[in-house]
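Below you'll find the structure, written out as structure tokens, and then a few comments.
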Amino acid sequence: MKTLKKVFIGLGLCLLVYLSFSVGNATGKRTAIANENGIPLAKINKIENLIDQYYLFDIDKNKQQEGAVEGYVKALGDPYSEFLTKEEMDSLNQQTEGEYAGVGIVVTPSETGAITVVSAIKGSPAFEKGIKKDDIILKINGKDYNASQMNDAVKVMKGKPNTDVKLTIARMENKTSKIFDVNITRRMISLTTVNSQKIGDIGYINITQFDRKTDKEFIEQYENLKKQNVKSIVLDLRNNPGGLLDSTVKIADYLLPKGVIVKTVDKNKKEDIQKSDASEQNLPMVVLVNGSSASASEILTGALKDYKKATIVGEKTFGKGIVQTIIPMEKGEGLKLTISEYFSPKGNKIHKQGITPDVVIKLNEKAKGIGVEYMKEDNQLQKALEILNKK
30 MKTLKKVFIG
40 LGLCLLVYLS
50 FSVGNATGKR
60 TAIANENGIP
70 LAKINKIENL
80 IDQYYLFDID
90 KNKQQEGAVE
100 GYVKALGDPY
110 SEFLTKEEMD
120 SLNQQTEGEY
130 AGVGIVVTPS
140 ETGAITVVSA
150 IKGSPAFEKG
160 IKKDDIILKI
170 NGKDYNASQM
180 NDAVKVMKGK
190 PNTDVKLTIA
200 RMENKTSKIF
210 DVNITRRMIS
220 LTTVNSQKIG
230 DIGYINITQF
240 DRKTDKEFIE
250 QYENLKKQNV
260 KSIVLDLRNN
270 PGGLLDSTVK
280 IADYLLPKGV
290 IVKTVDKNKK
300 EDIQKSDASE
310 QNLPMVVLVN
320 GSSASASEIL
330 TGALKDYKKA
340 TIVGEKTFGK
350 GIVQTIIPME
360 KGEGLKLTIS
370 EYFSPKGNKI
380 HKQGITPDVV
390 IKLNEKAKGI
400 GVEYMKEDNQ
410 LQKALEILNK
420 K
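Okay, structure coming up:
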């Protein structure tokens, strides 16, 4: 298998967890920003001179420069691209190791322009406060935020452990919108990304996201289930927002026969193809997905589906088929930038389309959660077990 540079394919979703990132180096020629198609420096210099000459209050030059750069990237209109300060880069480094300080919410921009909760991480402060999937975050500490300000919103919600943040939430209940405030205390959260257990003679594996340790944890737990003589596997990727591409590809390489895992295409139509070797796993498998299964989850799901290595069960996936890289800059800063689109082994487009399961089944509305502990209510998991018990 080809060695990958680390790239971010999480629901930049601007995870409150910003789960993953790239540390790839910038390549290509350096472009002068004063060229004919670049930033009009004369205009910027004029504005700077006018501010210096007339502005009443003290001026923080560092904040001005940082704001100018942030604004330039924000003007792309891409919620997954952003300028990162040194503090934010340090935080991302920490998070890819499976630990971060925050409230434990995964968020995404909705089609209506709102900041929508994809999930509250189990055991996190947000989970304990009852934050739910599809909740809309209207305000943070009393200030309004919308999808165009999602990166800023994420920065405000993150913070030092044992400090509080107030969220104003809109939630639909019985076809009525309920608006309420909730105070959440931030804390350090250690993330276990892979959990497994036996259900009769069937192995159940849940991947919550893909970080640096996920592929190793997955393979260890899959092998452990094989030693327990399971006859088949349920792989639960529901509410998995994505993560590191290389971790995802290593899992796919372990499961799949020799061939293409994923193809990425950049702005110049240059293709990068990741392939698996000849070794593969042959236990019958069902993959569970839903509308919050995104990005890296969709890469793995799409590959397993194309090779007919698994039956896909659940609801249509999120549809994030673009890749971000993080380019280190001076003073520990960085630029997170969308650089390519990815496609399944058969060339199927995922971005803004998602993956439709082989067996479409909506989650029981009365279900309080998903997974083994909610198995009596989780009709999607029940369907997966039913399919495997027939094989």
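Mind the numbering: the sequence shown is residues 30 to 420 in the working numbering, read in order. Ideal Cβ placement from N, Cα and C applies to all residues, glycine included. Values in this document were obtained by computation on a predicted structure and should not be read as measured data.
| request: Check residue 56 in the structure and name its three-state DSSP category. | output: Here residue 56 refers to the residue found at position 27 when the sequence shown is read from its first residue. Reliability fails at residue 56, whose pLDDT of 35 lies under 50, so the model's placement of it is uncertain and the value that follows must be treated cautiously. Residue state, collapsed to three classes: coil.
| Assuming residue 342 contacts residue 294 under a Cβ cut-off of 8 Å, what Cβ separation, rounded to an integer in Å, is found between them? | Numbered from 1 along the sequence shown, position 313 holds the residue referred to as residue 342. Numbered from 1 along the sequence shown, position 265 holds the residue referred to as residue 294. That pair is no contact at about 29 Å.
| task | Could you tell me the distance, in whole angstroms, from the CA atom of residue 64 to the CA atom of residue 369? | result | As a position in the sequence shown, residue 64 is number 35, starting the count at 1. As a position in the sequence shown, residue 369 is number 340, starting the count at 1. Annotation note: pLDDT 43 at residue 64 (below 50); position unreliable, coordinate value reported separately. Between residue 64 and residue 369, the C-alpha separation is close to 25 Å.
| field | Beta-carbon proximity check, residue 330 vs residue 352, cutoff 8 Å | value | Residue numbering aside, residue 330 sits at position 301 when the sequence shown is read from its first letter. Residue numbering aside, residue 352 sits at position 323 when the sequence shown is read from its first letter. It is not a contact, given that the beta carbons lie outside the stated cut-off.
| So what's residue 87 in DSSP terms, helix, strand or just coil? | What you label residue 87 is simply residue 58 of the sequence shown in a count that begins at 1. Residue state, collapsed to three classes: coil.
| said: Residues in the same chain with beta-carbon distance under 8 Å from residue 57, minus the five sequence neighbours each way, listed in chain order, please. | reply: As a first step, residue 57 is located in the sequence shown; it is residue number 28 there, counting from the start. In this predicted model, residue 57 has a pLDDT of only 35, less than 50, meaning its place in the structure is not dependable enough to derive any value.
| field | Euclidean distance between Cα positions of residue 109 and residue 374 | value | As a first step, residue 109 must be located in the sequence shown, where it is residue number 80. As a first step, residue 374 must be located in the sequence shown, where it is residue number 345. Approximately 24 Å between the Cα atoms of the pair.
| task | Ignoring anything shorter than 3 residues or poking outside the segment 353-401, list the beta strand (DSSP E) runs there in chain order. | result | 363-372
| Reduced DSSP secondary structure (H/G/I, E/B, other) of residue 272 | Taking the sequence shown and counting its residues from 1, one reaches residue 272 at position 243. Strand at residue 272.
| Residue ranges of each beta strand (DSSP E) run of no fewer than 3 residues wholly in the segment 193-261, ordered along the chain? | 193-202, 205-214, 216-219, 223-228 and 231-236
| query | Mind checking residue 314: buried by the 16 CB within 10 Å criterion, or exposed? | reply | On the sequence shown, residue 314 is found 285 positions in, with the first residue counted as 1. Flag for residue 314 reads buried.
| query | Does the beta-carbon of residue 137 have 16 or more other beta-carbons within 10 angstroms, so that it is buried, or is it exposed? | reply | On the sequence shown, position 108 is the one that residue 137 refers to. Buried is the call here.
| message | As a quick exercise: from 376, 408, 385 and 111, pick the residue whose alpha carbon is nearest that of residue 396. | response | Taking the sequence shown and counting its residues from 1, the one referred to as residue 396 is at position 367. Among 376, 408, 385 and 111, the Cα nearest to that of residue 396 belongs to 408.
| task | Give the DSSP-derived three-state secondary structure of residue 303 in the structure shown. | result | On the sequence shown, position 274 is the one that residue 303 refers to. Residue 303: strand per DSSP, three-state reduction.
| query | Shortest alpha-carbon distance to residue 378 belongs to which of 188, 206, 292 and 140? | reply | Position 349 of the sequence shown, counted from the first residue, corresponds to residue 378. When only C-alpha atoms are compared, the closest one is 292.
| said: Tell me whether the segment 220-230 and the segment 240-250 touch, counting them as touching only if at least three CB pairs, one residue from each stretch, are closer than 8 Å. | reply: yes
| query | In this structure, does DSSP put residue 149 in helix, strand or coil? | reply | By one-based count along the sequence shown, residue 149 stands at place 120. Note: residue 149 maps to strand in three-state DSSP.
| message | Alpha carbons only, please: which of 401, 415, 416 and 86 is nearest the one belonging to residue 235? | response | In the sequence shown, the residue the question calls residue 235 occupies position 206. Answer by Cα proximity: 401.
| Rounded separation between residue 184 and residue 157 - CA only | Taking the first residue of the sequence shown as position 1, residue 184 is located at position 155. Taking the first residue of the sequence shown as position 1, residue 157 is located at position 128. Near 21 Å, if we compare the C-alpha coordinates of residue 157 and residue 184.
| query | Under three-state DSSP, which class holds residue 64? | reply | For this step, residue 64 is matched to residue 35 along the sequence shown. In this prediction, residue 64 scores a pLDDT of 43, lower than 50, which makes its location untrustworthy; the coordinate-derived value is nonetheless stated afterwards. Looking at residue 64 - three-state DSSP - the assignment turns out to be coil, as it is neither helix nor strand.
| In three-state DSSP terms, what is residue 79? | For the purposes of this step, residue 79 is taken as residue 50 along the sequence shown, with counting starting at 1. Three-state result, residue 79: helix.
| In its own chain, which residues sit with a C-beta less than 7 Å from the C-beta of residue 287, not counting the 5 before and 5 after it? | For the purposes of this step, residue 287 is taken as residue 258 along the sequence shown, with counting starting at 1. Hits under 7 Å: 305, 306 and 307.
| Any idea what DSSP makes of residue 280, helix, strand or coil? | The count along the sequence shown starts at 1 and reaches residue 280 at position 251. It is helical.
| Alpha carbon to alpha carbon, what distance is there between residue 281 and residue 434? | Only positions 30 to 420 of the chain appear in the structure, and residue 434 is not among them; the question remains open.
| Rounded Cβ spacing between residue 142 and residue 182 (contact assumed at less than 8 Å) | To locate residue 142, count along the sequence shown from 1; it is residue 113. To locate residue 182, count along the sequence shown from 1; it is residue 153. Going by Cβ atoms, the distance from residue 142 to residue 182 rounds to 13 Å, so no, they are not a contact pair.
| query | Which residues mark the beginning and the end of the alpha helix (DSSP H) in which residue 335 is found? | reply | As a first step, residue 335 must be located in the sequence shown, where it is residue number 306. Looking at the DSSP string, the run of the alpha helix (DSSP H) that includes residue 335 is 325-335.
| field | Exposure label - residue 425; buried when at least 16 CB within 10 Å | value | Residue 425 lies beyond the stretch modelled for the chain, which goes from 30 to 420, so this question has no answer here.
| query | When burial is assigned at 16 or more other CB atoms within 10 Å of the CB, is residue 296 buried or exposed? | reply | Residue mapping note: residue 296 aligns to position 267 of the sequence shown, counting from 1. Exposed: under 16 other Cβ atoms inside 10 Å.
| field | Residue closest to residue 216, alpha-carbon to alpha-carbon, out of 134, 266, 277 and 171 | value | As a working note, residue 216 is residue 187 in the sequence shown. If we check each option's Cα against that of residue 216, 134 comes out closest.
| request: Grab the span of the alpha helix (DSSP H) containing residue 445 for me, first residue to last. | output: With the chain represented from 30 up to 420, any question about residue 445 goes unanswered, as that position is not in the structure.
| request: Helix, strand or coil for residue 100, going by three-state DSSP, please let me know. | output: To locate residue 100, count along the sequence shown from 1; it is residue 71. If DSSP states are grouped into helix, strand and coil, residue 100 belongs with the helices.
| field | C-alpha gap between residue 255 and residue 327, whole angstroms | value | Position 226 of the sequence shown, counted from the first residue, corresponds to residue 255. Position 298 of the sequence shown, counted from the first residue, corresponds to residue 327. The straight-line gap from Cα to Cα measures roughly 25 Å.
| field | Segments assigned beta strand (DSSP E), at least 3 residues, entirely inside the segment 127-192 | value | 128-131, 134-138, 144-149 and 165-169
| Cβ neighbour criterion (16 or more within 10 Å) applied to residue 324 | By one-based count along the sequence shown, residue 324 stands at place 295. When all chains shown are included, residue 324 counts as buried.
| query | Where residue 200 and residue 302 are concerned, what is the direct C-alpha to C-alpha distance, given to the nearest angstrom? | reply | To locate residue 200, count along the sequence shown from 1; it is residue 171. To locate residue 302, count along the sequence shown from 1; it is residue 273. Whole-angstrom Cα-Cα distance: 42 Å.
| query | With 16 as the cutoff for other CB atoms within 10 Å, does residue 88 come out buried or exposed? | reply | Counted from its first residue, the sequence shown places residue 88 at position 59. Counting Cβ neighbours within 10 Å, residue 88 comes out exposed, since fewer than 16 surround it.
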